[in-house]
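J.:
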Amino acid sequence: MNWINYLIQTNLYLLCFYALYKLAFSKETYFNLNRAYLVGFTFTSFFIPFWQSGVMQSWFITKQITQTIYNSGLNEVIIYKSPIAKAQPFFDLLDWMVLLYTLGVVYMTVHFCINLFKAQQFVNSKNTQGLASSFLGKINIDKHLPYQDVLLKHEETHSKEAHSIDLILVEIVKIICWFNPISYLIQIELKSIHEFIADNAAAKVLGSRKTYADILVSNQFDTTTNSLVLNFYSLPTMKARLIMLGKRKSTKRAILKYGMVAPAFIGTLILASSFVSKSERNNVVSENPATLLTSIFSNNLSAINKKGTENKGLIEIKGQIISEDKGALGGAEIRINDSNRISVSNTDGRFLVKNVEDNDMVTISYIGYQEAKYKVTELPENINLRKKPFQLNEIVVSTYRDLPSNQMANEEEKEVSLLSEPKFPGGEKAMYAFIGSNLIYPFPAKRANIEGEVHVEFVINKDGVVSEPIITNGIGFGCDKEVQRIVGLMPKWNPARQNGEAVEVKYQMKVKFKLEERSQSQIKENNIPNNSIYTTVEVQPEFPGGTEAMYKFIGQNMKYPKEAQRENIKGRVFIKFIVTTEGEIKDLNILKGIGYGCEDAVIEVFSKMPKWNPGMQSGTPVNVYYTMPIVFLLE
26 MNWINYLIQT NLYLLCFYAL YKLAFSKETY FNLNRAYLVG FTFTSFFIPF WQSGVMQSWF
86 ITKQITQTIY NSGLNEVIIY KSPIAKAQPF FDLLDWMVLL YTLGVVYMTV HFCINLFKAQ
146 QFVNSKNTQG LASSFLGKIN IDKHLPYQDV LLKHEETHSK EAHSIDLILV EIVKIICWFN
206 PISYLIQIEL KSIHEFIADN AAAKVLGSRK TYADILVSNQ FDTTTNSLVL NFYSLPTMKA
266 RLIMLGKRKS TKRAILKYGM VAPAFIGTLI LASSFVSKSE RNNVVSENPA TLLTSIFSNN
326 LSAINKKGTE NKGLIEIKGQ IISEDKGALG GAEIRINDSN RISVSNTDGR FLVKNVEDND
386 MVTISYIGYQ EAKYKVTELP ENINLRKKPF QLNEIVVSTY RDLPSNQMAN EEEKEVSLLS
446 EPKFPGGEKA MYAFIGSNLI YPFPAKRANI EGEVHVEFVI NKDGVVSEPI ITNGIGFGCD
506 KEVQRIVGLM PKWNPARQNG EAVEVKYQMK VKFKLEERSQ SQIKENNIPN NSIYTTVEVQ
566 PEFPGGTEAM YKFIGQNMKY PKEAQRENIK GRVFIKFIVT TEGEIKDLNI LKGIGYGCED
626 AVIEVFSKMP KWNPGMQSGT PVNVYYTMPI VFLLE
């Protein structure tokens, strides 16, 4: 159970118990029962989430479920080996929630300590004019007040029944659940009950409730705001105390209402059992390694666990990637152990990579900058990359976007352990052969040299029919639509089965695209004079009129694709090209794209560029490789 799950459950139980109190018990004069109920169930709420009944859990996790998610880790069409990395923000939603919650806890803790100190000072103060109060067994009454025996009985009742302890414990609840207004309402109700109990005892000394009520209103009201001190003349509770003094004692029949506590408690135990812990879900998966257990709880608070076991002994690394001039390098790649595991820095150059071993190697790379390698234990907080020659500043293409009118919340999905996964007729090899013989590399992707990985999700129903192909991670340039087309052509599968019965599942698969390496002869076909292509020269190639003129040209000709605007797509497109000895732009290649037509827009603009001033080496024009990032930004 994670801490957010725990807090959600605890506060849900607090709400339920408080609602029952207000509806059924708050108007009754069984003050000691009301006190026991509020104190008991307030703290029971913090322990119920840990209580799990195997019998009750079976009501929730063994029922037949008609649809689940099956995530394939093996069944991939390998057209390209390297995956596309997705940017991992330095602070995600959960990190911000943790920070906000921690700040609230710190503030409430400091506030509690200050109140505790002031309460001690208050009851020990000699300046008690017109006051009668108590705290933690200490009683402080102004000797000049009338009815000393009545006041003393009132404060002694508070002390003997340890009412201050109740208030301190509720303050601790407020620290943990500071965001929940129910915790504050519980404190108000409990403080009123304390006064009702003490008033009932003190009124017996006089033998008249009416006379006691006159005493309550005969003196000036106390205006102290300390929530821990119990005051005889407390203004916030005065009205409720007067009402209770004038109210008839509850009938014996009314006590039967407290019998509702038992079914309410049982109901919360059933609710607690419905929250199956993460560790228990993982144990179900480990019994069948071929099964992937999927859980979604409280949108973005739980994730898919592909291995069925928790990673242990791992750490996380974070930092900021900057250039020599201290500028942030957003979009830099962070690779672990030269593997396919890649993260990307955000727009501030910051990154966060979790589940890393302390003996791993980290490689930091950025287009146009020299690569840097570090051991995890030696990774600095600020990573400074040096430029390679001819890396220009970014071109920012921006437009305005329409904000969505509403957002759809993710639905919580139940889990199931599949006894047999769905299979393509003939097995994996037959599926590879089917895709390989039908898939066509889209021309726009070829032209832009687009390579990468497309993730597709589709439904396989009880009859094995494939439907609803959805691209969950694409690369654009027609590749996404091609994968959807191939999935739509698939024959019926052998459906997944659970307990011998066919069930409908969602299936996820990766299709990787890779272009063959281009040879030197292909470069010649592009009419690039001479065979030598330089990366470093004495005089770099230049757009006619200089860098500012180039920015102006791109700004006037670049159009933000409508599809990218509609989908709120923003990010960097890295383009690489050759400036020939004649100043022509040749061999345009997209090194990294964001899809949705942005790469096509970049290639179109660079294809229209006029001739550049060529690069020079030893006074002779030469061919030069040139790399530039173009940023698409929604405002």
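Numbered as in the working numbering, the sequence shown ends at 660 without a single skipped number.
Glycine included, C-beta positions come from ideal geometry on N, C-alpha and C.
All of these numbers come straight from a predicted model, not from anything done at the bench.
Measure the alpha-carbon distance for V598 versus E196 and round it to whole angstroms.
T.: Taking the sequence shown and counting its residues from 1, one reaches residue 598 at position 573. Taking the sequence shown and counting its residues from 1, one reaches residue 196 at position 171. Roughly 54 Å separates the two Cα atoms.
J.: Alpha helix (DSSP H) containing E526: first to last residue?
T.: Counted from its first residue, the sequence shown places residue 526 at position 501. Per DSSP, E526 belongs to no alpha helix (DSSP H); it is in the beta strand (DSSP E), 526 to 538.
J.: T182 by DSSP, collapsed to three states: which one?
T.: In the sequence shown, counting from the first residue as 1, residue 182 sits at position 157. Residue state, collapsed to three classes: helix.
J.: Just checking H169 against the ligand MG - is the residue's beta carbon closer than 8 Å to any of the ligand's heavy atoms?
T.: The ligand MG is not among the ligands present in this structure, which contains no ligands whatsoever.
J.: Determine, using beta carbons only, whether G6 and P566 come nearer to each other than 9 Å.
T.: Nothing in the structure corresponds to residue 6, since the chain is present only between 26 and 660.
J.: Which term fits V131, buried or exposed, when burial requires 16 or more other beta carbons within 10 angstroms of its beta carbon?
T.: Along the sequence shown, one-based indexing puts residue 131 at 106. Exposed, because fewer than 16 other Cβ atoms sit within 10 Å of the Cβ of V131.
J.: Is T127 close to chain D, meaning its C-beta is less than 9 Å from at least one C-beta of that chain?
T.: Although the question refers to chain D, the structure presented lacks it and comprises just one protein chain.
J.: Near Y399, which residues of its chain fall below 7 Å by C-beta distance, leaving aside the five closest residues on each side in sequence?
T.: For the purposes of this step, residue 399 is identified with residue 374 of the sequence shown, where counting begins at 1. Cβ within range, chain order: V387.
J.: With DSSP run on the structure shown, which of helix, strand or coil describes G65?
T.: As a first step, residue 65 must be located in the sequence shown, where it is residue number 40. Correct three-state label for G65: helix.
J.: Taking N524 as the reference, which of Q146, E446, K178 has the closest Cα?
T.: Locating residue 524 in the sequence shown gives position 499, where the first residue counts as 1. It is E446 whose Cα lies nearest to the Cα of N524.
J.: At a cut of 8 Å, does the stretch 469 to 478 reach the stretch 613 to 629 through at least three beta carbon pairs?
T.: The answer is yes - the stretch 613 to 629 touches the stretch 469 to 478, with three or more Cβ pairs under 8 Å.
J.: Would you check if the distance between the CB atom of E588 and the CB atom of G622 is smaller than 9 Å?
T.: Taking the sequence shown and counting its residues from 1, one reaches residue 588 at position 563. Taking the sequence shown and counting its residues from 1, one reaches residue 622 at position 597. Yes, the Cβ-Cβ distance between E588 and G622 is below 9 Å.
J.: Anyone know if the C-beta pair for G352 and R375 falls short of 9 Å?
T.: Within the sequence shown, the letter at position 327 stands for residue 352. Within the sequence shown, the letter at position 350 stands for residue 375. Cβ atoms of G352 and R375: not closer than 9 Å.
J.: From D488, M456, M534, pick the residue whose C-alpha is nearest to that of P494; which is it?
T.: Within the sequence shown, residue 494 is the residue found at index 469, counting from 1. The candidate whose alpha carbon is nearest that of P494 is M534.
J.: Within 10 angstroms of the Cβ of E406, are there 16 or more other Cβ atoms? Answer buried if so, exposed if not.
T.: For the purposes of this step, residue 406 is taken as residue 381 along the sequence shown, with counting starting at 1. When all chains shown are included, E406 counts as exposed.
J.: Measure from the alpha carbon of I579 to the alpha carbon of each residue in I389, Q590, K633, then state which is nearest.
T.: Taking the sequence shown and counting its residues from 1, one reaches residue 579 at position 554. Ranking the options by Cα distance to I579, first place goes to K633.
J.: Applying the 10 Å Cβ sphere with the 16-neighbour rule, what's the burial state of E478?
T.: Within the sequence shown, the letter at position 453 stands for residue 478. By the neighbour-count rule (16 or more Cβ atoms within 10 Å), E478 is buried.
J.: Counting Cβ pairs, one atom from each stretch, are 3 or more of them under 8 Å apart for the stretch 479 to 489 and the stretch 512 to 523?
T.: Output reads yes: the stretch 512 to 523 touches the stretch 479 to 489.
J.: Run through DSSP, which three-state label would G461 get?
T.: If you number the sequence shown from 1, residue 461 lands on position 436. The answer is helix: DSSP assigns G461 an H, G or I state.
J.: Compute the Euclidean distance between the alpha carbons of R234 and A228, then round it to the nearest angstrom.
T.: As a first step, residue 234 must be located in the sequence shown, where it is residue number 209. As a first step, residue 228 must be located in the sequence shown, where it is residue number 203. One C-alpha to the other measures close to 6 Å.
J.: Determine the contact status of L45 and I211, defining contact as a CB-CB distance below 9 Å.
T.: On the sequence shown, position 20 is the one that residue 45 refers to. On the sequence shown, position 186 is the one that residue 211 refers to. Taking 9 Å as the Cβ cut-off, L45 and I211 do not qualify as a contacting pair.
J.: By the 10 Å Cβ neighbour count, where 16 or more other Cβ atoms means buried, how is E341 classified, buried or exposed?
T.: Along the sequence shown, one-based indexing puts residue 341 at 316. By the 10 Å Cβ count, E341 comes out exposed.
J.: Please name the residue or residues paired with T652 in a DSSP beta bridge.
T.: Position 627 of the sequence shown, counting from 1, holds the residue named residue 652. The partner list for T652 (beta bridge, DSSP) reads K601.
J.: DSSP on A228, reduced to helix/strand/coil?
T.: As a working note, residue 228 is residue 203 in the sequence shown. A228: helix per DSSP, three-state reduction.
J.: Between T605 and N638, which are expected to be in contact by the criterion C-beta below 8 Å, what is the C-beta distance as a whole number of angstroms?
T.: For the purposes of this step, residue 605 is taken as the residue at position 580 of the sequence shown. For the purposes of this step, residue 638 is taken as the residue at position 613 of the sequence shown. Actually they are not in contact, since the Cβ atoms of T605 and N638 sit about 12 Å apart, beyond 8 Å.
J.: Please classify L241: is it buried, with 16 or more other beta-carbons within 10 angstroms of its beta-carbon, or exposed?
T.: Against the sequence shown, residue 241 aligns to sequence position 216. Buried.
J.: Are the stretch 122 to 138 and the stretch 170 to 185 touching, with three or more C-beta to C-beta distances below 8 Å?
T.: These segments do not touch.
J.: By the DSSP assignment, the beta strand (DSSP E) with G640 in it spans what residues?
T.: Along the sequence shown, one-based indexing puts residue 640 at 615. Here the beta strand (DSSP E) through G640 covers 640 to 642.
J.: Compute the beta-carbon to beta-carbon distance between L354 and E382, rounded to the nearest angstrom, for a pair I have assumed lies under 8 Å.
T.: The residue given as residue 354 occupies position 329 in the sequence shown. The residue given as residue 382 occupies position 357 in the sequence shown. Not confirmed; about 25 Å, so no contact.
J.: Under the three-state reduction of DSSP, which class applies to N497: helix, strand or coil?
T.: Along the sequence shown, read from residue 1 onward, the residue named residue 497 stands at position 472. For the sequence presented, residue 497 should be read as Thr rather than Asn. The answer is strand: DSSP assigns T497 an E or B state.
J.: Please state if the CB of F631 and the CB of L613 are separated by a distance shorter than 9 Å.
T.: Along the sequence shown, read from residue 1 onward, the residue named residue 613 stands at position 588. Along the sequence shown, read from residue 1 onward, the residue named residue 631 stands at position 606. Contact flag set, yes.
J.: Between I496 and Y532, how many whole angstroms is the CB-CB distance? I'm expecting something under 8 Å.
T.: By 1-based counting over the sequence shown, the position of residue 496 is 471. By 1-based counting over the sequence shown, the position of residue 532 is 507. About 14 Å separates the two Cβ atoms, so there is no contact after all.
J.: Closest to R278 by CA distance: which of T54, K216, F602 is it?
T.: As a first step, residue 278 must be located in the sequence shown, where it is residue number 253. Checking every option, the nearest Cα to that of R278 belongs to T54.
J.: By a C-beta neighbour count over all protein chains shown, 10 Å radius and 16 as the cutoff for buried, is N431 buried or exposed?
T.: If you number the sequence shown from 1, residue 431 lands on position 406. Annotation note: pLDDT 38 at N431 (below 50); position unreliable, coordinate value reported separately. Looking at its Cβ environment, which holds fewer than 16 other Cβ atoms inside 10 Å, N431 is exposed.
J.: So I218 and N36 are in contact, right, with Cβ under 8 Å, and what is the actual spacing, rounded?
T.: In the sequence shown, the residue the question calls residue 218 occupies position 193. In the sequence shown, the residue the question calls residue 36 occupies position 11. Contact doesn't hold; Cβ gap of about 22 Å is too wide.
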